Amino acid sequence: MSLTTGQKAGWGLADMGIVVFVIVKQLLILAFMNSFLGIPIAIAGAITTAVLVFDIISDPIIGYFSDKTVSRLGRRAPWMLLGAVILAASIIGLFAVPEGFGTNASLIWVTIFFLIATLGFTMVSIPYGAMAGEMTLEKKRDLR
Numbered sequence: 038m039s040l041t042t043g044q045k046a047g048w049g050l051a052d053m054g055i056v057v058f059v060i061v062k063q064l065l066i067l068a069f070m071n072s073f074l075g076i077p078i079a080i081a082g083a084i085t086t087a088v089l090v091f092d093i094i095s096d097p098i099i100g101y102f103s104d105k106t107v108s109r110l111g112r113r114a115p116w117m118l119l120g121a122v123i124l125a126a127s128i129i130g131l132f133a134v135p136e137g138f139g140t141n142a143s144l145i146w147v148t149i150f151f152l153i154a155t156l157g158f159t160m161v162s163i164p165y166g167a168m169a170g171e172m173t174l175e176k177k178r179d180l181r
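The sequence shown begins at 38 in our numbering and counts up by one.
Written as structure tokens, this is what we have:
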């Protein structure tokens, strides 16, 4: 079964959403923690590193569970749907630090929501990447 142009376009469009979080994670979080919340850059960097270590651990775990999932939506879609909701909600929470929070409370708030957002991102991106090989039953074709 070949993929339609619409399916291919949808696949590419979904990747744009994934890239948005990558940009948030790599560019905006450090600036937000340091410039807006007053968290020293060394501590903000340590938090970012800790979240990346969490991501390294959670990726294969989510991949394993995604591989083993059985549902009427398929193996990947339930993870991606739940992950998208978690990611969207936690990104909002990440940048919605309550007014009046001190530096320590803000640090805890951002760390928790950053971890949750990263988990949501993993729940979307790992199954999304695994879907590529499952989207069609066609054998690899010679592109020459």
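Positions of the beta carbon are idealized from the N, C-alpha and C atoms, including for glycine.
As the structure is a prediction and not an experimental result, all values here were calculated from the model.
Rounded separation between residue i and residue j - CA only
i, j, result
"Gly82", "Leu152", "14 Å"
"Leu64", "Tyr165", "23 Å"
"Leu89", "Trp48", "26 Å"
"Asp96", "Ala46", "26 Å"
"Leu131", "Ser108", "31 Å"
"Asp92", "Val161", "13 Å"
"Ala79", "Ala87", "12 Å"
"Ala133", "Ser39", "44 Å"
"Gly43", "Leu50", "10 Å"
"Val57", "Gly100", "21 Å"
"Ile55", "Phe158", "7 Å"
"Ile98", "Lys105", "11 Å"
"Met70", "Ile149", "13 Å"
"Ile129", "Leu156", "15 Å"
"Thr85", "Met172", "34 Å"
"Asp179", "Val122", "With a pLDDT of only 44 at Asp179, under 50, the local geometry of the prediction cannot be trusted, and the value read off the model is given with reservation. Asp179 and Val122: Cα-Cα distance of roughly 39 Å."
Reduced DSSP secondary structure (H/G/I, E/B, other) of residue i
i, result
"Val134", "coil"
"Ser162", "helix"
"Thr140", "helix"
"Met70", "helix"
"Ser39", "coil"
"Gly75", "coil"
"Met172", "coil"
Any non-hydrogen atom of the ligand ATP closer than 6 Å to residue i Cβ
i, result
"Phe69", "The ligand ATP is absent from the structure shown, which contains no ligands of any kind."
Range covered by the alpha helix (DSSP H) that runs through residue i
i, result
"Ala51", "42-60"
Length-filtered (3 minimum) beta strand (DSSP E) runs lying within the segment 79-123:
As far as the segment 79-123 is concerned, it has no whole beta strand (DSSP E) run of at least 3 residues.
Specify whether the segment 113-124 and the segment 133-147 touch according to this definition: at least 3 beta carbon pairs, one from each stretch, less than 8 Å apart.
No: fewer than three Cβ pairs fall under 8 Å.
Quick check: the segment 69-80 against the segment 125-140, are at least 3 beta-carbon pairs closer than 8 Å?
Judged by Cβ distances under 8 Å, the segment 125-140 makes contact with the segment 69-80, as three or more pairs qualify.
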